[in-house]
Amino acid sequence: MPSSLTPPELLLPAGDPVKLRYALAYGADAVYFGLAMASLRTPKVKPGQGPQFTPANLPQAISDCHAQGAKAYVTLNIFAANHDLKRIIPHLEQLEDLRPDALIISDPGIIRLAKRHAPSLPIHLSTQANTLNVSACAFWQDLGIERVILAREVPVREMAQIHDELPDLELECFVHGSLCVAYSGRCVISDYLTDNSKNSNKGMCGNSCRWEYENATLQVNETSRPDTVYTFEEDAHGSYMLNSKDLCLLRFLPELMDAGICSFKVEGRTKGIHYVATVGQVYRQAIDTLCAGRSVSTEQWDLWESALKQSANRGFTEGFLHGKPGSNGYTYETSKSRSIATFVAAATGLSDDQGRVQLEGRNPFSTTDALEWLTPNGIIPMPTSPIVDIDGRHVEQVHPNHLVWVTPPPTIDQAMVRWSLVRRIEDRQAGVACTADGLS
6 MPSSLTPPEL LLPAGDPVKL RYALAYGADA VYFGLAMASL RTPKVKPGQG PQFTPANLPQ
66 AISDCHAQGA KAYVTLNIFA ANHDLKRIIP HLEQLEDLRP DALIISDPGI IRLAKRHAPS
126 LPIHLSTQAN TLNVSACAFW QDLGIERVIL AREVPVREMA QIHDELPDLE LECFVHGSLC
186 VAYSGRCVIS DYLTDNSKNS NKGMCGNSCR WEYENATLQV NETSRPDTVY TFEEDAHGSY
246 MLNSKDLCLL RFLPELMDAG ICSFKVEGRT KGIHYVATVG QVYRQAIDTL CAGRSVSTEQ
306 WDLWESALKQ SANRGFTEGF LHGKPGSNGY TYETSKSRSI ATFVAAATGL SDDQGRVQLE
366 GRNPFSTTDA LEWLTPNGII PMPTSPIVDI DGRHVEQVHP NHLVWVTPPP TIDQAMVRWS
426 LVRRIEDRQA GVACTADGLS
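Listed below in structure tokens is the structure:
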């Protein structure tokens, strides 16, 4: 991609204000987030029991984005019932005053309300609207939609066709994260299997498609085709018949740029800070490298993909980018995400007069583990050094919620220490080093 072209936007997720700040630190050009009552895929947290976005902290969240030169997109992408609309109207009126950079909406009824109660705000059509073709995109553009977030089922050749016919319409697509087995995420399995307690179309998916189902052998046939038998089998791992791999379009970013995609979106508002930091850093480096006009070797792509595997994943697929994924798009071994690294500690932002920084344990680790620092400026091996608890005692083991002091490597940018994470490399051969200029 020539460096003279406008770089595509890296759009990272934030499920709460803390994750938003990490998204900004690790390279987001824009962040998407929203209130639980109006958003899909946002953790539902009881008041006082954990961080979440509220009407009270939305102003600060939007301000944090703008202070870093990033855009703030607020999600209102539930499929609303009548009683939902009454709560959404005052929310829209608040957003009109707060001036986020866009609203992400899927429901035509909410779009209508947004035009009445937040008329100055651009509207991005959510992927939940499952927009698949140029005529549908033109329909939404005629209604004043500035950007369409294309359905994950759209292949890249058709993305290019849409851009060619509608060059003034912004196109966004997902490039990384979990994939729903249902069409554009419109699923009722969770609702059915949780006795209507987790409606995925209201943001509370129970991930029922990834549960482990037990049955030695099950054969079924559809009555109009009695000779066609479908067999479901269980092996030592169980049966995971609806368990999609994660989307990873890292290697295909050049194709997406050529197709006219202006925003690369990462899924994951329910995921943690280690995920957003790891994924954000890799895609930031890849986009910057491509936009600078530098060639990327196969080895470099492999290193970037290896870095992505240090955060939790279910294996990677290109999804529908070049056609239907088939059986290779699913993982049959486990419903759990796996990684080649374990997130063990996060910097708290405190330091002392001895040059040490305070860490909060997130998973157990010891001084003998192979550890590394993940920082916004790169990945740095963590040398063996004393770990001291807040009472001044040397410790060999650190546990979750345990506060300790450590001396960071001198190569860490002190301005970035606040957003640094520590992780343990579980697969030593898979570990990679990552600098501000790329992986090595």
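For reference, each letter of the sequence shown is one residue, going 6 to 445 in the working numbering. Ideal placement from N, C-alpha and C gives every residue a C-beta, glycine not left out.
query: Go ahead and pull the three-state DSSP assignment for Cys185.; result: coil
query: So which of Ile93, Ile384 and Arg256 has the shortest CA-CA distance to Asp418?; result: Ile384
query: Does Arg256 come out as helix, strand or coil in the three-state DSSP assignment?; result: helix
query: Where Pro369 and Asp147 are concerned, what is the direct C-alpha to C-alpha distance, given to the nearest angstrom?; result: 55 angstroms
query: Quick check: the segment 16 to 29 against the segment 270 to 289, are at least 3 beta-carbon pairs closer than 8 angstroms?; result: yes
query: Check whether the segment 126 to 140 touches the segment 148 to 168, counting contact only when three or more Cβ pairs, one atom from each stretch, lie closer than 8 angstroms.; result: yes
query: Closest to Thr353 by C-alpha separation, out of Thr294, Glu310 and Arg367, would be which residue?; result: Arg367
query: Measure the C-alpha to C-alpha separation of Tyr337 and Val180 and round it to an integer number of angstroms.; result: Confidence at Tyr337 is low in this model, with a pLDDT of 49, below 50, so its placement is unreliable and the value that follows should be read with caution. If I take the Cα positions, the gap works out to 22 angstroms.
query: Leaving out five residues before and five after Arg92 in sequence, what residues of the same chain have Cβ atoms less than 8 angstroms from its Cβ?; result: Met42 and Ala43
query: Drop a sphere of 10 angstroms on the beta-carbon of Ala346, count the other beta-carbons inside from all chains shown, and report buried for 16 or more, exposed for fewer.; result: buried
query: Residue range of the beta strand (DSSP E) that His279 falls in?; result: No beta strand (DSSP E) holds His279; the alpha helix (DSSP H) holding it covers Ile278 to Cys296.
query: Let me check understanding here. Comparing Cα to Cα, which of Glu272, Gln305 and Pro64 lies closest to Cys185?; result: Glu272
query: Asn318 by DSSP, collapsed to three states: which one?; result: strand
query: Taking buried to mean at least 16 other C-beta atoms within 10 Å of its own C-beta, is Asn82 buried or exposed?; result: buried
query: Would the segment 299 to 318 and the segment 248 to 264 be scored as touching if the rule is three or more Cβ pairs under 8 angstroms?; result: yes
query: DSSP has Lys250 in a bridge; who is on the other side?; result: None; Lys250 has no bridge partner.
query: Within 8 angstroms of any Cβ in chain D, is that where the Cβ of Val161 sits?; result: In the structure shown, chain D does not exist; there is a single protein chain.
query: Output the boundary residues of the beta strand (DSSP E) element that contains Glu14.; result: Glu14 to Pro18
query: Determine the DSSP secondary structure at Ile115, reduced to helix, strand or coil.; result: helix
query: Count the other CB atoms, across all protein chains shown, that sit within 10 Å of the CB of Pro13; report buried if there are 16 or more and exposed otherwise.; result: buried
query: By the three-class DSSP mapping on this structure, what secondary structure does His3 have?; result: Any question about residue 3 goes unanswered here, given that the chain covers just 6 to 445.
query: Helix, strand or coil: which one does DSSP assign to Gln359?; result: coil
query: Specify the secondary structure class of Arg367 as computed by DSSP and reduced to three states.; result: coil
query: Roughly how many angstroms lie between the CA atoms of Val79 and Gly298, to the nearest whole one?; result: 32 angstroms
query: Please list, in chain order, all residues of the same chain as Tyr197 whose beta carbon is under 7 angstroms from its beta carbon, the five residues on each side excluded.; result: Reliability of the predicted coordinates at Tyr197 is poor, the pLDDT of 48 falling under 50, and no value is obtained from them.
query: Go through its chain and collect everything with a Cβ distance to Thr372's Cβ below 7 angstroms, but skip five positions before and after it.; result: Thr389, Ile392 and Glu401
query: Please tell me whether Ala86 and Ala35 are closer than 8 angstroms, where the distance is taken between their beta carbons.; result: no
query: Give every residue of the same chain whose Cβ lies closer than 8 angstroms to the Cβ of Leu313, excluding the five residues on either side of it in the sequence, and list them in chain order.; result: His181, Cys253, Leu255, Thr283, Val284, Val287 and Phe321
query: Considering Leu155, what are the terminal residues of the beta strand (DSSP E) in which it resides?; result: Segment: none, Leu155 is in no beta strand (DSSP E) and carries neither H nor E.
query: Following the continuous alpha helix (DSSP H) through Glu98, name the residue where it begins and the one where it ends.; result: Asn87 to Leu103
query: Identify every residue that forms a DSSP beta bridge with Ala35.; result: Leu16 and Lys76
query: I need the straight-line Cα distance from Gly397 to Ala420, nearest angstrom please.; result: 25 angstroms
query: Using 10 angstroms around the beta-carbon of Glu177, count the other beta-carbons present and answer buried if the total reaches 16, otherwise exposed.; result: buried
query: Tell me where the alpha helix (DSSP H) around Trp309 begins and ends.; result: Thr303 to Leu313
query: Once the 5 residues before and after Val362 are set aside, which same chain residues still bring their CB inside 6 angstroms of it?; result: Ala352, Ser356, Pro413 and Val422
query: By Cβ distance below 7 angstroms, which residues in the same chain neighbour Asp374 in space, the five residues on each side in sequence not counted?; result: Arg429
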